[in-house]
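I have placed the structure first, in the form of structure tokens, so that the comments after it can refer back to it.
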Amino acid sequence: MTQREGSLEAPQADSSVSLLPHLEAKIRQTHSLAHLLTKYAEQLLQEYVQLQGDPFGLPGFSPPRLPVAGLSAPAPSHAGLPVHERLRLDAAALAALPPLLDVVRRRQAELNPRAPRLLRRLEDAARQARALGAAVEAVLAALGAVNRGPRAEPPAAAAAAAAAAASGVFPAKVLGLRVCGLYREWLSRTEGDLGQLLPGGPA
Amino acid sequence: MPAGRRGPAAQSARRPPPLLPLLLLCVLGAPRAGSGAHTAVISPQDPTLLIGSSLQATCSVHGDPPGATAEGLYWTLNGRRLPPELSRVLNTSTLALALANLNGSRQQSGDNLVCHARDGSILAGSCLYVGLPPEKPFNISCWSKNMKDLTCRWTPGAHGETFLHTNYSLKYKLRWYGQDNTCEEYHTVGPHSCHIPKDLALFTPYEIWVEATNRLGSARSDVLTLDILDVVSTSPFPHRVGGLEDQLSVRWVSPPALKDFLFQAKYQIRYRVEDSVDWKVVDDVSNQTSCRLAGLKPGTVYFVQVRCNPFGIYGSKKAGIWSEWSHPTAASTPRSERPGPGGGACEPRGGEPSSGPVRRELKQFLGWLKKHAYCSNLSFRLYDQWRAWMQKSHKTRNQDEGILPSGRRGTARGPAR
């Protein structure tokens, strides 16, 4: 059986024992993907701050951490939740990120039109967030954990972000920094949560 | 959104940002719960200014509880704190800033002017765009590789650097009718170039120009008028070089992209000794596809290039455009005891002997005759036999030795990539 997302068999099949190696392989694969994307998110953030100009790249730069409609940072209590609940929150965040990253990319296309690598990274980030979110949901489905939690409404989140971005260049730069930061935080969080499912991680 | 782009602007008088997004930001922006958070607004927002101009800005604080004070506020520009003497308190909640003789923006996304609270926290920001309007692009040159496309290049105005993002747009239209068209494939042969791949007419002139636009204004180049047939060039094409003592034989084929079209062709060959920078050009190679460079130094590696000027396509009277030089081919002249003078000209293949080079050959031939023949009567039949023998022994020598006396490997590479 190929390890493609969404194609895992239902866990209630009587071959559940034989599914475990496949599930573990799927989790391991998704964990590796999250690890790789976390590295990319670091690079995206570094390139982003460089192109906005100082003080964005300076140590100690601390703009207001304005909440982004439809997406918040992982809560301090996240680590104490059951792993299924954490993965549900991870999947929800990864689903909310792509439209926000698209908004940032469109704004950066106006502000930094001669920065094709940044624009490409932002486009790739949106695509990669979708892919990882789908993989996490496939893992959840394989674990028998249906996603019951409230989901972000991407169109509303994107509209809010777009409106905020239209209000001025500096706030748009800050918003982009916030979104790139959230992207990195949630990838790192997802990597950690998946790692706990692997053999050798905490139960 | 960027500020208005028409005409030079001192302090651009921008409309205040839309109310709804500001409300959204204010509603969303309650950064610290229960601690009396303040925000501020900088005016003007995102102004566009000429280099050397001045800026008057204000930072007005709003806050909860009301009565937020401007006491202790300060400014930074691109992360650097501005001297306090540039600021003054206008009223209890407003701090003003006066900047003079502004330099060009440090980054294209705008210089970051930030208003800080006493504790260093950021209250508001505005991005400054300081630069110059674009100058008129000039020196437009265009060429077609296959009579179906057109590539143009230009130079971006006298000074180039405007400190603002400047957009260049290549426009074209048929001279006597038709609408303006805009080229879409940019940066094909450098940063200021564009390629029109298709849908071009022949036998009728086009008008071509470049428009440069940035936040401070726009400029338009002079119009270039051309017929596609008059600007046909060709891509560099491969050639092969073979060696014979003090001669190199160069062969090529006519440009394949133009194989379906009737044209005359002029060719030029240039060559140089391997460790020299001085090219010698052979100019009068018209409508041939081979040339023999004679009078070269034996046992020497040369680099050879060829280029073509396809003129007279469909009767065009224009002088034509030279292609780029082909990739250089290296070849070595065989070793000889008698070094040549180093000069060369293109000799017709297998043609009648001309002056110096042939005389040297004949002297060598006579010396050979004394050893190998009882008859000293000269004849070209014997001469031809001798030349054939020389070529054969040259090939055998190269196979046996493969290395020239200088220690370099003599190569006559095949067609260049």
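Each protein sequence line maps, in turn, to chains A and B. Residue numbers 1405 to 1607, in this note's numbering, belong to the letters of the first sequence in order. Residue numbers 4 to 420, in this note's numbering, belong to the letters of the second sequence in order. Quick reminder that beta carbons are idealized off the backbone N, C-alpha and C, glycines included. Quantities reported herein were computed from a predicted structural model and do not represent experimental measurements.
Item to check | Own chain partners of T207 (chain B) with C-beta closer than 8 Å, once the 5 adjacent residues on each side are dropped | outcome: Along the second sequence, read from residue 1 onward, the residue named residue 207 (chain B) stands at position 204. Only L177, R178, W179, D230 meet the Cβ criterion.
Item to check | Under 9 Å from the C-beta of G1474 (chain A): neighbouring residues of chain B | outcome: The residue labelled residue 1474 (chain A) in the question sits at position 70 within the first sequence. For G1474 (chain A), there are no C-beta contacts with chain B under 9 Å, since the nearest C-beta of that chain is about 11 Å from it.
Checklist entry - Using a beta-carbon distance below 8 Å, is T79 (chain B) in contact with chain A? => result In the second sequence, counting from the first residue as 1, residue 79 (chain B) sits at position 76. Yes, contact with chain A.
Checklist entry - How many angstroms separate the CA atom of V304 (chain B) from the CA atom of E188 (chain B)? => result If you number the second sequence from 1, residue 304 (chain B) lands on position 301. If you number the second sequence from 1, residue 188 (chain B) lands on position 185. When rounded, the distance between both Cα atoms is 41 Å.
Item to check | Neighbour flag for D1506 (chain A) against chain B, beta carbons, 8 Å | outcome: In the first sequence, residue 1506 (chain A) corresponds to position 102, counting from 1. Cβ-Cβ to chain B under 8 Å: no for D1506 (chain A).
Next on the checklist: Under 8 Å, with one C-beta from each stretch per pair, do the segment 164-178 of chain B and the segment 106-120 of chain B reach the 3-pair mark?
Outcome noted: yes
Next on the checklist: So M150 (chain B) and L80 (chain B) are supposed to be a Cβ contact under 8 Å. How far apart are they, rounded?
Outcome noted: Residue 150 (chain B) sits at position 147 when you count from the first residue of the second sequence. Residue 80 (chain B) sits at position 77 when you count from the first residue of the second sequence. No, M150 (chain B) and L80 (chain B) are not in contact; Cβ-Cβ is about 55 Å, not under 8 Å.
Item to check | For D1494 (chain A) and L1475 (chain A), the rounded distance between their alpha carbons | outcome: Along the first sequence, read from residue 1 onward, the residue named residue 1475 (chain A) stands at position 71. Along the first sequence, read from residue 1 onward, the residue named residue 1494 (chain A) stands at position 90. Cα to Cα, L1475 (chain A) sits roughly 11 Å from D1494 (chain A).
Next on the checklist: Strictly below 9 Å CB to CB, what residues from chain B border P1453 (chain A)?
Outcome noted: Position 49 of the first sequence holds residue 1453 (chain A). In the sequence as presented, Pro is not what sits at residue 1453 (chain A); that position holds Val. By Cβ distance, chain B contributes nothing, its closest Cβ being about 11 Å from V1453 (chain A), past 9 Å.
Checklist entry - Can at least three beta-carbon pairs, one atom from the segment 53-65 of chain B and one from the segment 122-140 of chain B, be found at a separation below 8 Å? => result When C-beta atoms of the segment 53-65 of chain B are compared with those of the segment 122-140 of chain B, three or more pairs fall below 8 Å, so the two segments count as touching.
Checklist entry - Of the residues B:T216, B:E74, B:F141, which one's Cα is nearest the Cα of N94 (chain B)? => result By one-based count along the second sequence, residue 94 (chain B) stands at place 91. When each option's Cα is compared against that of N94 (chain B), the closest is B:E74.
Checklist entry - Does the Cβ of K300 (chain B) have 16 or more other Cβ atoms within 10 Å, making it buried, or fewer, making it exposed? => result Reading the second sequence from its first residue, position 297 is the one you call residue 300 (chain B). The residue is buried, with at least 16 neighbouring Cβ atoms inside 10 Å.
Checklist entry - Can you find a C-beta in chain B that's less than 8 Å from the C-beta of G1345 (chain A)? => result The requested residue 1345 (chain A) does not occur in the structure, where chain A is confined to residues 1405 to 1607.
Item to check | Supposed contact pair L1547 (chain A) and H1482 (chain A) - C-beta distance, whole angstroms, cut 8 Å | outcome: The residue you call residue 1482 (chain A) lines up with position 78 of the first sequence. The residue you call residue 1547 (chain A) lines up with position 143 of the first sequence. H1482 (chain A) to L1547 (chain A), Cβ: 18 Å. No contact.
Next on the checklist: Output needed for K269 (chain B): all residues of its chain with C-beta closer than 8 Å, excluding positions within five of it in sequence on either side, in chain order.
Outcome noted: On the second sequence, residue 269 (chain B) is found 266 positions in, with the first residue counted as 1. Cβ neighbours of K269 (chain B) beyond the five flanking positions: V288, S289, N290, C311, N312, F314, G323.
Item to check | One or two residues paired with E210 (chain B) in a DSSP bridge | outcome: To locate residue 210 (chain B), count along the second sequence from 1; it is residue 207. Note: E210 (chain B) sits in a beta bridge opposite B:K176, B:T228.
Checklist entry - What is the DSSP secondary structure of A1496 (chain A), reduced to helix, strand or coil? => result For the purposes of this step, residue 1496 (chain A) is taken as the residue at position 92 of the first sequence. Here A1496 (chain A) sits in helix by DSSP.
Item to check | Cβ of I316 (chain B) within 8 Å of any chain A Cβ | outcome: Position 313 of the second sequence holds residue 316 (chain B). For I316 (chain B), no CB of chain A lies under 8 Å from its own CB, so it is not counted at the interface with that chain.
Next on the checklist: Using only the alpha-carbon positions, how far apart do L1424 (chain A) and E1589 (chain A) sit?
Outcome noted: Position 20 of the first sequence, counted from the start, is the residue given in the question as residue 1424 (chain A). Position 185 of the first sequence, counted from the start, is the residue given in the question as residue 1589 (chain A). When the Cα atoms are used, L1424 (chain A) and E1589 (chain A) turn out to be separated by approximately 29 Å.
Checklist entry - Taking Cβ-Cβ distances shorter than 8 Å, what residues in chain A pair up with N115 (chain B)? => result Counting from 1 along the second sequence, the entry for residue 115 (chain B) is found at position 112. Chain A residues near N115 (chain B): Q1456, G1457, D1458, P1459, F1460, F1574, K1577.
Item to check | Option in A:Q1512, A:K1430, A:I1431 with minimal Cα separation from Q1456 (chain A) | outcome: Taking the first residue of the first sequence as 1, we reach residue 1456 (chain A) at position 52. Taking each of A:Q1512, A:K1430, A:I1431 in turn and checking the Cα distance to Q1456 (chain A), the smallest one comes out for A:Q1512.
Checklist entry - Using a Cβ cut-off of 9 Å, which residues of the segment 107-139 of chain B contact any Cβ in chain A, in chain order? => result Of all residues in the segment 107-139 of chain B, the ones placed with a Cβ closer than 9 Å to any Cβ belonging to chain A are S108, R109, Q110, Q111, S112, G113, D114, N115, L116, V117, G123, S124, I125, L126, A127, G128, S129, C130, Y132, in chain order.
Next on the checklist: Run through the DSSP bridge pairs and tell me what L116 (chain B) is partnered with.
Outcome noted: Within the second sequence, numbered from 1, the residue matching residue 116 (chain B) stands at position 113. L116 (chain B) is bridged to B:L80, B:S129.
Checklist entry - Hey, out of A:L1449, A:Q1433, A:A1549, whose CA is closest to V1508 (chain A)'s CA? => result As a working note, residue 1508 (chain A) is residue 104 in the first sequence. Closest option to V1508 (chain A), Cα to Cα, is A:L1449.
Checklist entry - For the beta strand (DSSP E) that Q271 (chain B) lies in, which residues bound it at each end? => result Taking the first residue of the second sequence as position 1, residue 271 (chain B) is located at position 268. Q271 (chain B) -> beta strand (DSSP E) spans 267-276.
Checklist entry - Which runs of the beta strand (DSSP E) fall wholly inside the segment 80-108 of chain B and span at least 3 residues, in chain order? => result 90-94, 97-102
Checklist entry - DSSP state of L1470 (chain A), grouped into three classes? => result In the first sequence, residue 1470 (chain A) corresponds to position 66, counting from 1. DSSP places L1470 (chain A) in coil when its eight states are reduced to three.
Item to check | Short CB-CB distance (under 8 Å) between R1509 (chain A) and chain B | outcome: One-based indexing of the first sequence puts residue 1509 (chain A) at position 105. Interface residue (Cβ-Cβ distance to chain B less than 8 Å): R1509 (chain A) is not classified as such.
Checklist entry - Going by the CB atoms, is the gap between L1598 (chain A) and A1438 (chain A) shorter than 8 Å? => result Taking the first residue of the first sequence as position 1, residue 1438 (chain A) is located at position 34. Taking the first residue of the first sequence as position 1, residue 1598 (chain A) is located at position 194. Yes.
Checklist entry - Can D49 (chain B) and G1572 (chain A) be called in contact, C-beta distance under 8 Å? => result Within the second sequence, residue 49 (chain B) is the residue found at index 46, counting from 1. Within the first sequence, residue 1572 (chain A) is the residue found at index 168, counting from 1. With respect to the 8 Å criterion, D49 (chain B) and G1572 (chain A) are classified as neighbours on the basis of their beta carbons.
Item to check | Contact set between Q48 (chain B) and chain A, taken where Cβ atoms lie within less than 9 Å | outcome: In the second sequence, the residue the question calls residue 48 (chain B) occupies position 45. Those within 9 Å of Q48 (chain B) in chain A are S1571, G1572, V1573, F1574.
Checklist entry - Does the Cβ-Cβ distance between L153 (chain B) and S147 (chain B) come in under 8 Å? => result Your numbering for residue 153 (chain B) matches position 150 in the second sequence. Your numbering for residue 147 (chain B) matches position 144 in the second sequence. Yes. Within cutoff.
Next on the checklist: Between which residues of its own chain and L293 (chain B) is the CB-CB distance below 8 Å, once the five residues before and five after are set aside?
Outcome noted: As a working note, residue 293 (chain B) is residue 290 in the second sequence. For clarity, residue 293 (chain B) is Ser in the given sequence; the question names Leu instead. Only S252, V253, R254, W255, R352 meet the Cβ criterion.
Item to check | Proximal residues to A1499 (chain A) (C-beta, below 6 Å), its chain only, five neighbours per side dropped | outcome: Counted from its first residue, the first sequence places residue 1499 (chain A) at position 95. Counting only Cβ-Cβ distances below 6 Å, and skipping sequence neighbours, we find G1537.
Checklist entry - Rounded to a whole number of angstroms, what is the C-alpha to C-alpha distance between G107 (chain B) and P86 (chain B)? => result Walking along the second sequence from the start, residue 107 (chain B) turns up at place 104. Walking along the second sequence from the start, residue 86 (chain B) turns up at place 83. Approximately 19 Å between the Cα atoms of the pair.
Checklist entry - Grouping DSSP H, G and I as helix and E and B as strand, with all else coil, what is F1460 (chain A)? => result Here residue 1460 (chain A) refers to the residue found at position 56 of the first sequence. Three-state result, F1460 (chain A): coil.
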